[in-house]
Amino acid sequence: MEKKKKVAVTIGSKNYTIVTEEDETEIVLRIADYVNGVMEEIKERNPRLSVSDIHVLTCINIARELHKSLELNKSMDISEIEGKLNEAAEDKEVMENLLEETEKEIIILKDKLNVASNLSVELRDDIEEKKLELEEKDKKVSEFQERFLKSETELLLLKKELKELKASQGIM
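Residue numbers for the sequence shown follow this note's numbering, beginning at 210 and rising by one.
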């Protein structure tokens, strides 16, 4: 809750005490100076006016200025709103274009993913096939090694028998 404060002002050579919020003291003093200025201006233009006429004309002039300011603010608000609306429409268009481009990129990336996935499956199948071929060849190599060892053993046995046979027949 704001604290209230009394502010003494002089308007049109008459003293007034105005109760206001504490933080509005400066504003009240400026308003009083402004009102005095408008009254002095009216009084200088037509010195024959009565005090009450000067007060009424001051009120009318200040009310007219306030009305113009309100109208200006209203038109500024409308212009500002229209500007923001146009800006939002432009942003929407940009976002729609960005969304469209992103959707196209997603489709392209999905296609690439499908191609890569298919290639991966093909490569996996090829690897399995090559593994099977390698296992088959390893079996054949093992078989050939066994036959080679068997043949080598038979050759050694035959050489030994030949040597023994030559020795028994006296041939050297």
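From the three backbone atoms N, C-alpha and C, an ideal C-beta is built for every residue, glycine too.
Taking contact to mean at least 3 C-beta pairs separated by less than 8 Å, is the stretch 233-245 in contact with the stretch 254-265? Too few Cβ pairs lie closer than 8 Å, so no.
Straight-line gap, VAL260 to GLU249 (C-alpha atoms, nearest Å): When rounded, the distance between both Cα atoms is 11 Å.
Start and end residues, beta strand (DSSP E) containing ASN224: For ASN224, the enclosing beta strand (DSSP E) has its first and last residue at 223-230.
Nearest neighbour of ILE220, chosen from ASP334, LEU358, LEU275, HIS264 [CA to CA]: Of the listed residues, the one whose Cα sits closest to ILE220 is HIS264.
Between SER326 and MET304, what straight-line distance do the alpha-carbon atoms span, to the nearest angstrom? Going from the Cα of SER326 to the Cα of MET304 covers about 32 Å.
By a C-beta neighbour count over all protein chains shown, 10 Å radius and 16 as the cutoff for buried, is THR362 buried or exposed? THR362 is exposed by the Cβ-count criterion.
With distances taken between CB atoms, is the gap from THR229 to VAL237 smaller than 8 Å? In this structure, VAL237 lies closer than 8 Å to THR229 by Cβ.
With 16 as the cutoff for other CB atoms within 10 Å, does THR267 come out buried or exposed? Taking all protein chains in view, the Cβ of THR267 is crowded by 16 or more other Cβ atoms within 10 Å, so the residue is classified as buried.
At the level of alpha carbons, what is the spacing between SER329 and GLU338? Taking the straight line from one Cα to the other gives about 14 Å.
For the alpha helix (DSSP H) holding LYS359, just list the boundary residues, first then last. Element bounds for LYS359: 260-378.
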